[in-house]
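**Q**
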Amino acid sequence: DFGRSSELAFVVEPSDDIAVQEQPLILYCQVEGIQPITITWRKNGVMILDSENAFMLANGSLYVSRFQRVRGDGSSDEGEYDCMAQNHYGLVVSRKAKIQAATMSDFHIHPQNAVVEEGGVARFQCQIHGLPEPVILWHKNSMPVNTDNERYTLLPKGVLQITGLRAEDSGIFHCVATNIANVKFSREARLTVSGSHSTVYKDPMILVGPENLTLTVHQTAVLECIATGNPRPIVSWSRLDGRPIGVEGIQVLGTGNLMISDLTVQHSGIYVCAANKPGTRVRRTAQGSLVVQAPAEFVQHPQSISRPVGTTAIFTCVAQGEPPPQITWLRNGQILETSDHIKLKNNNSTLSIYGINQADEAIYQCLAENSAGSTQASARLTVLWADGLPSPPQGVRAETVSATTIQVSWEKPLQNTKEIIGYVLHIRKAADPVEMEYQEAVSKSTFQQLVTDLEPSTSYSFYIKAYTSRGASKASEVTVVSTLGEVPAMPSLFIKVINSTTVQATWEPSIKLGQHKGFKLYYRKVHLSQYTGPVLLASNVTAYNITHLDASVVYEVKLLAYNQHGDGNSTVRFVSLRETVERTVLNPPCDCMKDEQNNKTSTTGIIIGIHIGVTCIIFCILFLMFGYRGRLLMCKNVQEQLSTPQISRSQRSTTGLVLNGATRRDRDDRDLNRKQLDMNELERLFPASPSQEQQEKGITSAHSPSAPHDETQISTLPLDEFSIIEEQPDCPPKNPHGSSPAAPAPNHSPANEG
1 DFGRSSELAF VVEPSDDIAV QEQPLILYCQ VEGIQPITIT WRKNGVMILD SENAFMLANG
61 SLYVSRFQRV RGDGSSDEGE YDCMAQNHYG LVVSRKAKIQ AATMSDFHIH PQNAVVEEGG
121 VARFQCQIHG LPEPVILWHK NSMPVNTDNE RYTLLPKGVL QITGLRAEDS GIFHCVATNI
181 ANVKFSREAR LTVSGSHSTV YKDPMILVGP ENLTLTVHQT AVLECIATGN PRPIVSWSRL
241 DGRPIGVEGI QVLGTGNLMI SDLTVQHSGI YVCAANKPGT RVRRTAQGSL VVQAPAEFVQ
301 HPQSISRPVG TTAIFTCVAQ GEPPPQITWL RNGQILETSD HIKLKNNNST LSIYGINQAD
361 EAIYQCLAEN SAGSTQASAR LTVLWADGLP SPPQGVRAET VSATTIQVSW EKPLQNTKEI
421 IGYVLHIRKA ADPVEMEYQE AVSKSTFQQL VTDLEPSTSY SFYIKAYTSR GASKASEVTV
481 VSTLGEVPAM PSLFIKVINS TTVQATWEPS IKLGQHKGFK LYYRKVHLSQ YTGPVLLASN
541 VTAYNITHLD ASVVYEVKLL AYNQHGDGNS TVRFVSLRET VERTVLNPPC DCMKDEQNNK
601 TSTTGIIIGI HIGVTCIIFC ILFLMFGYRG RLLMCKNVQE QLSTPQISRS QRSTTGLVLN
661 GATRRDRDDR DLNRKQLDMN ELERLFPASP SQEQQEKGIT SAHSPSAPHD ETQISTLPLD
721 EFSIIEEQPD CPPKNPHGSS PAAPAPNHSP ANEG
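Numbering follows UniProt numbering, in which position 627 of the sequence shown is assigned residue number 627; successive positions increment by one, without gaps.
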């Protein structure tokens, strides 16, 4: 019963046609399927009743005896016709056939007189509108133009091109337009061929370029391009997108017109005509667009299916065309309206019917239509129903338990309960589509179910089905109930001390807070019982500054979120400003600008100091190097001069001191008491540091017998006894035995000390 022959389907559908005025018209419609089948016709969606002018033939076709574009009552036989077929299983509608009257207007472009020099190009054109498209032929001197002449090119749109003109081409031309509606003649035009062939150079020039065309697949496109110049230019074609034009179905008419036969959608594009001067790169171009439309056709047809009651039926219908077709669904010939259990997806390519029942059994049609044409496909839905299935469960009730829990209870069906193997509870948010529904299975001995993990303040719908091994019962009545409202969750709270009298309370927004109207902020001194507040804050506020606080006490800050169901739990924080005050006293605030300037100055000083230090080190090294070299030379000269035994140290010292007016010993004795008093006073005021002690030790060791012989002796001289004399090199005496002396070297004279 579900074979192809049993399906109600069209064998022949009405097609688009052009009817002749006052002539009969037949629209064909042939259907197969299980009889009896009733066929009816519609024009522009209105039922056609049999009359003298239009009636249905025995085979289901529609016969129009005298087609008229406009009748006496103002009506017209033009329009969109479709055929409807119906049997016991449903109804189908054919594609829409567009019927137009054959017409022909007057010529709106006539050929014009032309005078062209010999060897040139002549072009005549005439245009006329009509249905169907008129066929245009050309006559010269009242005789049909000889199309065997290669120099004569006739284009479908009423263009005549004559290349390489000769004297015998002169004459009178006119065109004749013909279709099933009429035959019409254009005005005449004279062609005069003057002079002889010119040898003067002329740049290539395109007289007429390609027009923009919109055609349908399998038609023929002619892109015109006529060019002149001396020498005669070479005409070539290309696509603007760089794709090759190809060779199949491509032909060149005349000297440069491009004809494409059996058009496909791939031929759409912008075509460029180029006129090139032979042997050079001199060229002129013109371009025109070609749009190829394709009527809608199915890539995937919907398939007839059989489904048990309560299940889901899905039909898929995929169509293609250019432009992309619109898809419409019909149910038994009527526009299908979507609902909670009937959904269209994927640009209407997928039809889903949820929880099907006997009322959904019908023929479903997919109509695909675009500007190039329309098509249709149908499929039947059969709803399976087994005898002896349980009746729907009774007394379904739903009670709210909490903000996230609802308890659903029911009673067993009234009929056929022996074969029940369990129940299925169908749950869905009332605002969600049917496809968002989910189920929970329940044992056959259980008549209540606690539904958890629901959302607060949300309405839910519930219904029950009883299942047997042979199928499910019909759905019970639907009950809708809402969960309780819920107060917001605790917000996260953070306290930041701004200064000695201000703290900032901040918190983070969170989805866990749920729907809340805002926040309430409280604060108090911990030794007091009463809070300051509440400070009401909007739900989008996330920070608040608490000012004019006492720095000597500890504060308690409390924050909570609230909504229409009440206040949520609060978050509490404690804060003390005392440490901030102490830090402020110990570390007074800095003048940041001044510090920054000081830092900049210090940095500059450090850099300059480094440069100066490096320079000094370099000079010191150079000074030591050259000074040491000079001392070695001077010491060599002195040693050569010292051929007599050296004077004793005491004698040299006495002699040297005499040069200053008194001996050192006399001077030391004279000033001993006074210097001793001065040193005691200095030691009392400035105790010696470890470094000073080390220096003193160093001086003492310098006078020890083990010290090097070339030592520097430090003396204290009064200013009035101090004089500057010429410096002599201080060189160590050479040991005649080649070894260092064991005894200290004699004291240097004051001249050497200076």
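Glycine included, each C-beta is placed from N, C-alpha and C at the ideal position.
Can you confirm whether the stretch 165–183 touches the stretch 136–146 when touching is taken to mean that 3 or more C-beta pairs between the two stretches lie within less than 8 Å?
**A** yes
**Q** Using the Cα positions of Ala489 and His516, report the straight-line distance between them to the nearest angstrom.
**A** Rounded to whole angstroms, Ala489 to His516 spans 9 Å at the Cα level.
**Q** Work out the CA separation of Gln21 and Arg166 for me, nearest whole Å.
**A** Rounded to the nearest angstrom, the two C-alpha atoms are 45 Å apart.
**Q** Measure the Cβ-Cβ separation of Val424 and Gln448 and say whether it is below 8 Å.
**A** no
**Q** Quick one: what does DSSP say Ala359 is sitting in, helix, strand or coil?
**A** Three-state result, Ala359: helix.
**Q** Can you tell me whether Ala19 is helix, strand or coil according to DSSP?
**A** strand
**Q** Residues in its own chain within less than 6 Å of Pro132 by CB, not counting five upstream and five downstream?
**A** Hits under 6 Å: Ile18, Asn179.
**Q** Which of helix, strand or coil does DSSP assign to Asp203?
**A** Correct three-state label for Asp203: strand.
**Q** Between which residues of its own chain and residue 756 is the CB-CB distance below 7 Å, once the five residues before and five after are set aside?
**A** Because the chain in this structure spans residues 1 to 754, residue 756 falls outside the shown range and cannot be described.
**Q** Would you report the Cα separation of Gln23 and Gly130, rounded to the nearest angstrom?
**A** 17 Å
**Q** Quick check: the Cα distance between Asp432 and Leu384, rounded to an integer number of angstroms?
**A** 28 Å
**Q** Taking Glu13 as the reference, which of Asp82, Ile610, Glu78, Ser445 has the closest Cα?
**A** Taking only the C-alpha atoms, the option nearest Glu13 is Asp82.
**Q** Since Ile621 sits in a beta bridge, which residues does DSSP pair it with?
**A** Paired residues: none, contrary to the question.
**Q** Taking 8 Å as the cut-off, decide whether the C-beta atoms of Ala97 and Ile39 are in contact.
**A** Against a cut-off of 8 Å, the Cβ pair of Ile39 and Ala97 comes out as no contact.
**Q** State the beta-bridge partners of Pro456 as determined by DSSP.
**A** Bridge partners of Pro456: none, in fact.
**Q** For residue 810, count the other beta carbons within 10 Å of its own beta carbon; 16 or more makes it buried, fewer makes it exposed. Which is it?
**A** Absent from the model: residue 810. The displayed extent of the chain is 1 to 754, so no value can be given.
**Q** Thr547 and Thr502: beta carbons closer than 8 Å?
**A** Result yes, Cβ atoms of Thr547 and Thr502 sit closer than 8 Å.
**Q** Using the beta-carbon count (16 or more within 10 Å), is Met47 buried or exposed?
**A** Met47 is exposed by the Cβ-count criterion.
**Q** Hey, out of Ser268, Ser75, Asn53, Leu351, whose CA is closest to Ser65's CA?
**A** Asn53
**Q** Tell me, please, which residues DSSP counts as bridged to Ile335.
**A** Leu330
**Q** Under the three-state reduction of DSSP, which class applies to Ala167: helix, strand or coil?
**A** helix
**Q** Output yes or no for whether 8 Å exceeds the beta carbon distance between Gln127 and Gly254.
**A** Going by C-beta atoms, Gln127 is not nearer than 8 Å to Gly254.
**Q** How about Val183 and Glu224: are their beta carbons less than 8 Å apart?
**A** no
**Q** At a cut of 8 Å, does the stretch 269–284 reach the stretch 193–209 through at least three beta carbon pairs?
**A** yes
**Q** On a Cα-Cα basis, can you pick out the residue from Arg281, Val481, Tyr271, Gly164 that is closest to Gly288?
**A** Tyr271
**Q** Cα separation between Arg69 and Asn59?
**A** 26 Å
**Q** If we count the other Cβ atoms within 10 Å of its Cβ and call it buried at 16 or more, is Leu8 buried or exposed?
**A** buried
**Q** Along the chain, where does the beta strand (DSSP E) containing Ala475 start, and where does it finish?
**A** From DSSP, Ala475 is part of no beta strand (DSSP E); its letter is neither H nor E.
**Q** Do you know offhand how far Ala286's Cα is from Pro210's?
**A** 7 Å
**Q** Taking contact to mean at least 3 C-beta pairs separated by less than 8 Å, is the stretch 333–351 in contact with the stretch 408–426?
**A** Per the Cβ contact rule, the stretch 333–351 is not in contact with the stretch 408–426 (fewer than 3 Cβ pairs under 8 Å).
**Q** Would you report the Cα separation of Ile363 and Asn332, rounded to the nearest angstrom?
**A** 5 Å
**Q** Please classify Ile109 as buried or exposed, where buried requires at least 16 other C-beta atoms within 10 Å of its C-beta.
**A** An exposed status is given to Ile109, since fewer than 16 other beta-carbon atoms sit within 10 Å of its beta-carbon.
**Q** Checking 8 Å against the spacing of the C-beta atoms, do Leu454 and Thr417 come in under that value?
**A** no
**Q** From the DSSP secondary-structure annotation, give me the bridge partner or partners of Glu369.
**A** Gln326, Ser374
**Q** Excluding sequence positions up to five away, which residues of its chain have a Cβ less than 6 Å from the Cβ of Ile34?
**A** When the five nearest sequence neighbours on each side are left out, the beta carbons in the same chain lying within less than 6 Å of the beta carbon of Ile34 are those of Ser6, Asn87, in order along the chain.
**Q** In angstroms, rounded to a whole number, what distance separates the CA positions of Ala430 and Ala101?
**A** 54 Å
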